[in-house]
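Trainee: Residues in the sequence shown are numbered consecutively from 119, following this note's numbering.
Just so you know, even glycine gets a beta-carbon here, dropped at the ideal spot from N, CA and C.
Model, not experiment: these values are computed from the prediction.
Dropping the structure in here first, questions after.
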Amino acid sequence: MFYLKKSKKQMIALCLSAALSVGSLTAYAATEYWNDASTKPAVETKTPISDNTNWEQWKAGWDNLKTNYEQVALTPGADFSKLNFGWYSKEKTDKAMVRIADNKEMKNAKEFKGTCEAGTIINGVQYYSNKVTADGFKPNSTYYYQVNLNGKWQQAQEYKTGDPDNFSFMFVGDPQIGSSYKQKNDESNGKKLGNDLAARNDSYNWNITLNKAIEQHPEIDFLVSPGDQVSVKGTENAKDLKEQEDQYSGYLSASVLRNLPQAVAIGNHDCSSASYQNHFNNPNPFLEESTPTPAGNGYFYSYGNALFIVINAN
Ligand SMILES: [Fe+2]
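If you want it as structure tokens, here you go:
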């Protein structure tokens with residue numbers, strides 16, 4: 119992971135190509151460099167951004183966490199004044215809804231409506247993909263948002279805007295939840311981790327990594343990932359697709375992602391199923407792309423005077 123800061127007068131255009139796996143001939147590349155979550159000491163002190171840092175608790179909660187497919191992903195809007203929301207729901211509604219206020223009590227909240235369409239079927243259950251764009255965001259301001267999930271307003275979450283003329287973003291490569299597949303850990307008695315235990319391990323570390331990044335750089339305005347948010351490709355069969363969705367659950371569960379927009383590209387592990395485009399509500403998709411993937415398209419957005427072009431290189 120590294121960290122970029124853009125000064126006021128620079129004009130940058132960034133081309134972020136989707137991740138290319140290096141040297142892997144198999145579908146699931148075992149990583150040489152990985153962190154074994156089972157050897158981590160429990161973190162005693164909790165801060166607001168350090169949820170779920172106890173490994174024993176994480177393991178106990180994993181079955182619930184991985185099947186919570188209805189977590190919200192914030193993505194950048196087409197420009198600074200907008201914010202996009204994407205989330206799965208079990209219920210179909212005529213209009214997906216988000217409301218925004220400048221207070222936690224959601225007094226005088228403004229409501230925004232979007233689309234709700236049939237999305238991924240997980241374990242025989244039809245999930246719907248909800249997408250809403252909210253706008254009117256001003257620099258250096260604190261907002262609260264609520265999404266409406268299955269007819270109920272969810273807990274209000276904070277969204278703080280930065281300065282479009284002087285901003286920072288965090289760049290992560292291949293979060294790839296589940297890429298510890300085939301590693302052996304301290305607790306596996308010499309056995310290699312399967313997809314499920316690899317996802318449990320990696321999403322635990324992903325949460326901690328993002329927490330540490332934000333602790334060190336609280337000024338970060340959004341996250342950029344050039345692809346491979348998950349490891350399983352989700353194309354073989356229903357079990358494979360469920361494992362991919364479990365990994366998306368682990369990926370999206372990182373606590374800072376409730377408050378931080380993320381601009382994610384389509385990696386070669388994400389490109390073969392529609393789950394990527396069902397989770398992430400990207401602005402300005404290149405619908406005329408000559409080689410679209412089941413995951414969708416590249417897209418672009420601006421932030422201040424910077425233009426970000428996210429290429430689907432698959
Ligand atoms: Fe990768």
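By the 10 Å Cβ neighbour count, where 16 or more other Cβ atoms means buried, how is GLU209 classified, buried or exposed?
Mentor: With fewer than 16 other beta carbons inside 10 angstroms of its own, GLU209 counts as exposed.
Trainee: Using only alpha-carbon positions, find the residue among PRO412, HIS397, LEU425 and ASN415 that is nearest to THR193.
Mentor: The shortest CA-to-CA distance from THR193 to any of PRO412, HIS397, LEU425 and ASN415 is the one to HIS397.
Trainee: Given 8 angstroms as the limit, is there contact between the segment 197-215 and the segment 383-392, that is, 3 or more CB pairs closer than that?
Mentor: Between the segment 197-215 and the segment 383-392 there are fewer than three inter-stretch CB-CB distances shorter than 8 angstroms, so the stretches are not counted as touching.
Trainee: Between the segment 331-349 and the segment 276-287, do at least 3 Cβ pairs fall closer than 8 angstroms?
Mentor: yes
Trainee: Going along the chain, which unbroken runs of the alpha helix (DSSP H) with 4 or more residues stay wholly within the segment 350-430?
Mentor: Listed in chain order, they are 356-370 and 393-397.
Trainee: Which residue wins for smallest C-alpha separation from GLY414, given the options SER371, ASN402, ASN423 and GLY422?
Mentor: ASN402
Trainee: Would you mind giving the Cβ-Cβ distance between SER297 and ASP314, rounded to the nearest angstrom? I have them listed as a contact below 8 angstroms.
Mentor: Not really, about 13 angstroms apart at Cβ, beyond 8 angstroms.
Trainee: What does a CB cutoff of less than 6 angstroms around GLN59 pick up in its chain, not counting 5 residues either side in sequence?
Mentor: Residue 59 falls outside the range modelled here, since the chain spans only 119 to 432, and no answer is possible.
Trainee: Rounded to a whole number of angstroms, what is the C-alpha to C-alpha distance between ILE326 and ALA316?
Mentor: 16 angstroms
Trainee: Look at the Cβ atom of SER343, then the Cβ atom of THR238, and state whether they are nearer than 7 angstroms.
Mentor: no
Trainee: Given the structure, does GLN272 come close to ligand 1, in the sense that its CB is under 6 angstroms from one of the ligand's heavy atoms?
Mentor: no
Trainee: Taking 6 angstroms as the cut-off, is the CB of ASN399 close to at least one heavy atom of ligand 3?
Mentor: Judged by which ligands are present, ligand 3 is missing from the structure shown, whose ligands are ligand 1.
Trainee: How many angstroms separate the CA atom of CYS234 from the CA atom of GLU305?
Mentor: 42 angstroms
Trainee: Taking the beta carbon of SER259 as the centre, do at least 16 other beta carbons fall within 10 Å, making it buried, or is it exposed?
Mentor: exposed
Trainee: Work out the CA separation of LYS256 and GLN189 for me, nearest whole Å.
Mentor: 26 angstroms
Trainee: Sorted by chain position, which residues of the same chain lie with C-beta nearer than 7 angstroms to LEU405's C-beta, five sequence neighbours on each side aside?
Mentor: ASN415
Trainee: For SER420, tell me which candidate among ASN307, ALA381 and SER408 has the shortest Cα-Cα distance.
Mentor: ALA381
Trainee: Going straight from the alpha carbon of ASP212 to that of ASN226, what length do you get?
Mentor: 23 angstroms
Trainee: Short of 8 angstroms in beta carbon distance, which residues of its chain neighbour TRP324, apart from the five on each side in sequence? Order them along the chain.
Mentor: PRO293, ILE295, GLY368, TYR369 and ALA372
Trainee: Can you grab the Cα-Cα spacing for the pair GLU354 / ASP220, in whole Å?
Mentor: 45 angstroms
Trainee: Looking at ASP320 and ligand 1, is the gap between the Cβ and the nearest heavy atom below 6 angstroms?
Mentor: no
Trainee: Can you name the start and end residues of the beta strand (DSSP E) that SER286 belongs to?
Mentor: 286-289
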